[in-house]
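Going by our numbering, the first residue of the sequence shown is number 43, and it counts up by one from there. Comments concern the structure below.
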Amino acid sequence: MASVSKTFAQDLCPDAVDRTQLIFTERWKLWLQLTLGYVFLQAALWTPPGPVDVFWMLLTAVTVLFFAFDGRYSRGEMGLGVPRFVAIKWIVGLGLLAAMLLPLIATLTGANASPTHVLPLRTALQYTVWAFVQQFILQSFFYVRLETLLGSRKAVFATTALFALAHLPNLILTFVTVFAGLFFCEMFRRYRPVFLLGAIHAALGLMMAASFSDSLLHHMRVGIGYFLLSKPI
Numbered sequence: 043m044a045s046v047s048k049t050f051a052q053d054l055c056p057d058a059v060d061r062t063q064l065i066f067t068e069r070w071k072l073w074l075q076l077t078l079g080y081v082f083l084q085a086a087l088w089t090p091p092g093p094v095d096v097f098w099m100l101l102t103a104v105t106v107l108f109f110a111f112d113g114r115y116s117r118g119e120m121g122l123g124v125p126r127f128v129a130i131k132w133i134v135g136l137g138l139l140a141a142m143l144l145p146l147i148a149t150l151t152g153a154n155a156s157p158t159h160v161l162p163l164r165t166a167l168q169y170t171v172w173a174f175v176q177q178f179i180l181q182s183f184f185y186v187r188l189e190t191l192l193g194s195r196k197a198v199f200a201t202t203a204l205f206a207l208a209h210l211p212n213l214i215l216t217f218v219t220v221f222a223g224l225f226f227c228e229m230f231r232r233y234r235p236v237f238l239l240g241a242i243h244a245a246l247g248l249m250m251a252a253s254f255s256d257s258l259l260h261h262m263r264v265g266i267g268y269f270l271l272s273k274p275i
């Protein structure tokens, strides 16, 4: 009797899929996607400049884009829609407030000692593009998958941890990105505005570069670039 009951669903419908196995399979796929994306990203960050580094960067980009647009998540879930007014109000308001506080914090702590690192226009534009790319990777790839696996609130902390660890060995940036990551991920959890977060990310990064001593920020470099620093970015 027991052996019959175990196959009852399959007897009624030969194409029936065990739900537990389906859930396990989907979760395994998501963990694999996350692992590959993060390992390739770290490889790109820690490989010295050259052909191999370019290979890792391209592999990371292809992997993230391939998995991100595999049809698993909608544009709305990935934050690719038009942000609502309430999202603009909170994110822009809090983001600009934080940006205005950065010079004050740098002054009060003495962290604004020369040289600071005001970026030239071309580099500032490149950083702005990179800020949008970071938010897409962080939210539309990592967060949405961790949200599926862990739940929305735990995903905020898990995604923030990945974000902060990607800024090692620059301890100042790692420390700052813990708080920035919590803000970015919580705002994404609530409102899903990835492009808006990219704009605020750029504003905060540029203001930080202009406000804090470059002896602390190391031109805001991370990974192997932190140790290979020889000239301004």
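A virtual CB, placed ideally from N, CA and C, is assigned to each residue, including glycine.
If you follow the alpha helix (DSSP H) that V186 is part of, which residue opens it and which one closes it?
-> As a first step, residue 186 must be located in the sequence shown, where it is residue number 144. From DSSP, the alpha helix (DSSP H) with V186 extends over 186-192.
Run the CB neighbour count on S257, radius 10 Å, all protein chains shown included, and call it buried at 16 or more, exposed below.
-> Position 215 of the sequence shown holds residue 257. Looking at its Cβ environment, which holds fewer than 16 other Cβ atoms inside 10 Å, S257 is exposed.
Which of helix, strand or coil DSSP assigns to S156 | Residue 156 sits at position 114 when you count from the first residue of the sequence shown. Three-state DSSP puts S156 in coil, outside helix and strand.
Can you give the Cα-Cα distance for M43 and K196, rounded to whole angstroms?
-> Counting from one through the sequence shown, the residue named residue 43 turns up at place 1. Counting from one through the sequence shown, the residue named residue 196 turns up at place 154. Bear in mind that the predicted position of M43 carries a pLDDT of just 43, short of 50, making it unreliable; the figure below should be weighed with that in mind. If you take the alpha carbons of M43 and K196, they lie about 43 Å apart.
Can you find at least 3 beta carbon pairs, one from the segment 129-137 and one from the segment 98-111, that sit closer than 8 Å?
-> Not touching, per the Cβ criterion.
When we look at the beta-carbon of Y268 and count the other beta-carbons within 10 Å, is it buried (16 or more) or exposed?
-> Working through the sequence shown from its first residue, we reach residue 268 at position 226. Per the 10 Å Cβ criterion, buried.
So what's S116 in DSSP terms, helix, strand or just coil?
-> Working through the sequence shown from its first residue, we reach residue 116 at position 74. Coil.
Where F205 and L87 are concerned, what is the direct C-alpha to C-alpha distance, given to the nearest angstrom?
-> Within the sequence shown, residue 205 is the residue found at index 163, counting from 1. Within the sequence shown, residue 87 is the residue found at index 45, counting from 1. One alpha carbon belongs to F205, the other to L87, and they sit about 13 Å apart.
Identify whether P274 lies in helix, strand or coil by the three-state DSSP scheme.
-> In the sequence shown, counting from the first residue as 1, residue 274 sits at position 232. Unreliable placement is indicated for P274, whose pLDDT of 44 sits below 50; the coordinate value is still reported in the next sentence. Coil.
In terms of residues, what are the limits of the alpha helix (DSSP H) holding P93?
-> One-based indexing of the sequence shown puts residue 93 at position 51. Looking at the DSSP string, the run of the alpha helix (DSSP H) that includes P93 is 93-110.
Pick out whichever of L239, R231, F97, A203 has its Cα sitting closest to the Cα of V218.
-> Mapped onto the sequence shown, residue 218 falls at position 176. Looking at the Cα atoms, A203 is the closest of the given residues.
What residue from V186, A166, L78 has the CA that sits closest to Y115's CA?
-> For the purposes of this step, residue 115 is identified with residue 73 of the sequence shown, where counting begins at 1. Selected option, being the one with the closest Cα: V186.
Compute the Euclidean distance between the alpha carbons of F230 and W73, then round it to the nearest angstrom.
-> In the sequence shown, counting from the first residue as 1, residue 230 sits at position 188. In the sequence shown, counting from the first residue as 1, residue 73 sits at position 31. Going by the C-alpha atoms only, they are around 21 Å apart.
Classify A222 as buried or exposed, calling it buried when 16 or more other Cβ atoms lie within 10 Å of its own Cβ.
-> Here residue 222 refers to the residue found at position 180 of the sequence shown. Buried, by the Cβ-count rule.
Is there contact between the segment 242-258 and the segment 144-158, where contact requires at least three CB pairs shorter than 8 Å?
-> yes
Rank P162, L239, L270 by C-alpha distance to the C-alpha of F225 and give the top, closest one.
-> By one-based count along the sequence shown, residue 225 stands at place 183. F225 has its Cα closest to that of L239, out of P162, L239, L270.
Alpha helix (DSSP H) segment containing F225, residue limits | The residue you call residue 225 lines up with position 183 of the sequence shown. Where F225 is concerned, the enclosing alpha helix (DSSP H) starts and stops at 213-233.
Answer with buried or exposed for R117, where buried requires no fewer than 16 other C-beta atoms within 10 angstroms of its C-beta.
-> As a first step, residue 117 must be located in the sequence shown, where it is residue number 75. By the 10 Å Cβ count, R117 comes out exposed.
Just curious, the alpha helix (DSSP H) that V175 is in, first and last residue?
-> As a first step, residue 175 must be located in the sequence shown, where it is residue number 133. Taken as a continuous stretch (DSSP letters only), the alpha helix (DSSP H) holding V175 covers 163-177.
Could you say if the segment 155-175 and the segment 76-92 meet the contact criterion of at least three C-beta pairs nearer than 8 Å?
-> In short, these stretches do not touch, since the Cβ pair count stays below three.
With I133 and I242 assumed to form a contact (beta carbons below 8 Å), what rounded beta-carbon distance in angstroms separates them?
-> Start at 1 with the first residue of the sequence shown, and residue 133 comes out as number 91. Start at 1 with the first residue of the sequence shown, and residue 242 comes out as number 200. About 6 Å separates the CB atoms of I133 and I242; that is less than 8 Å, so the two are in contact.
How long is the line joining the alpha carbons of K48 and F66, rounded to whole angstroms?
-> As a position in the sequence shown, residue 48 is number 6, starting the count at 1. As a position in the sequence shown, residue 66 is number 24, starting the count at 1. Since pLDDT at K48 reaches only 45, below the 50 mark, its modelled position is unreliable, and the value read off the structure follows with that caveat. For K48 and F66, the distance between alpha carbons rounds to 19 Å.
Considering only C-alpha positions, which residue in the set W70, T151, M99, T190 is nearest to E119?
-> Counted from its first residue, the sequence shown places residue 119 at position 77. Comparing Cα positions, the closest option is T190.
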